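Throughout the sequence shown, residue numbering follows this note's numbering, covering 246 to 551 in sequence.
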Amino acid sequence: MNSHEPKRGSFHPDLRVAALLAPRRAVTPRSLPVIRFLSKAIRGSGAEVVDLGDGVSVRVFRSAAGTVPAPALVWIHGGGYVIGCAAQDDALCRRYADRLGVTVVSVDYRLAPENPYPIPLEDCMRALDWTVRQREIDPQRIVVGGASAGAGLAAALSIRARDRGIVAPVLQLLVYPMLDDRTVDGPEHLRLWDPSCNRFGWSSYLGGADPDEAVPARCADLRGLPPAWIGVGSNDLFVQENRDYAERLADAGVPCTFHVVDGAFHGFDLVAARSAVARAFFETQCTAVDAVLRPDHRRDSSVSDR
């Protein structure tokens, strides 16, 4: 495992103002209806919307500079499995498309608790299947990625794709992924997502499901999964579970880069998107994707400088 892991500490200098304004807890059972009502105002922009049926859709962003057939990034938004929508990431998806020369397929999956496991994961499977069948997309150059719960779904999607024997993604791009329902206290300086949020998100998503089946961190066998890039802040609730998952991937023979941003909290790159630390974090992700999508890449090569 290639690991960049500075020490935990106070907030990064670029994030101190944002940290003063950001709450420790983004969602509670009581605030959930209000947040969902406000999210309806998010319209997004510049996306081609494709209805996949049953309340599932994808938002598609194409690069003018891309090749045909183009590589693709299947992107899954965050929100603790209970809030959020694909449109919230339109600007980010456009950045990925333009920077990487890829087609980005952003999944609008159904949310828990109304739609518990396996519904959100099957919605993402449907989006991956749709992506693979597009004639203008190269099925051998598909990356799956997401942020927070979306990254947890991307990890679960990689496991499901392996188990079902469908086309294998060339990379899992996991941005501070929500991987483990066995919630820990985490670092002292938390923002946006704390243990209470995490317990609520996981209980909503799991419903009555078996965690050993539904939770990526509980998957007993990680062999044969796509290479992974995992990025997280040192002040993120998920830093320990992300480290543990990265180590388990490496132990299973899966190339994995683990990148920790010192002094960064959960979702820092969204609330302080223009900061130098957020821009650098984005570029680090793009470098990882570039490494697997460049023309001379072969499926059996390793990620980065593994």
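C-beta: ideal position from N, C-alpha, C; glycine also.
Computed from a predicted structure; not experimentally measured.
query: Nearest-angstrom Cα separation, counted from R261 out to R380; result: 46 Å
query: Rounded C-alpha distance that separates R405 from V327; result: 21 Å
query: Meets three-Cβ-pair contact criterion under 8 Å: the segment 475-485 and the segment 503-510; result: yes
query: Host beta strand (DSSP E) of S553 (start-end); result: Nothing can be reported for residue 553, as the shown portion of the chain is limited to 246 through 551.
query: Per DSSP, the bridge partner or partners of Q417; result: V389, A473
query: Own chain, CB closer than 7 Å to R488, minus 5 neighbours either side, in chain order; result: F503
query: Alpha carbon of V279 to alpha carbon of A392, nearest angstrom; result: 22 Å
query: 8 Å Cβ cutoff met for Q530 and L424; result: no
query: Where the alpha helix (DSSP H) containing V562 begins and where it ends; result: As shown, the chain starts at 246 and ends at 551. That puts residue 562 outside it, with no answer to give.
query: Classification of F445 by the beta-carbon crowding that lies within 10 angstroms, buried from 16 upward; result: buried
query: CB contact flag (A396, Y362, <8 Å); result: no
query: Candidates A342, P358, A454: closest to H351 by CA position; result: For the sequence presented, residue 351 should be read as Ser rather than His. Minimum Cα distance to S351 is reached at A342.
query: Continuous alpha helix (DSSP H) assignments of at least 4 residues falling wholly in the segment 503-530; result: 513-516
query: Inter-residue Cα distance where the pair is E458 and R270; result: 28 Å
query: First and last residue of the uninterrupted beta strand (DSSP E) at L297; result: 293-298
query: Contact between the segment 370-386 and the segment 290-309 (3+ Cβ pairs under 8 Å); result: yes
query: heavy atom of the ligand GTP below 7 Å from L260 C-beta; result: As presented, the structure is devoid of all ligands, the ligand GTP included, so that no description of it is given.
query: Backbone CA spacing between C330 and G469 [nearest angstrom]; result: 31 Å
query: Length of the line joining the Cα atoms of V412 and V377; result: 8 Å
query: Three-state secondary structure (DSSP) of A310; result: coil
query: Residue closest to A394, alpha-carbon to alpha-carbon, out of V305, G324, R288; result: G324
query: Cβ neighbours of V499 in the same chain (closer than 7 Å, five flanking residues each side left out); result: L467, L470, P472, A473
query: CB of G431 within 8 Å of CB of P440, strictly; result: yes
query: Nearest neighbour of L437, chosen from A263, H257, P258, D496 [CA to CA]; result: A263
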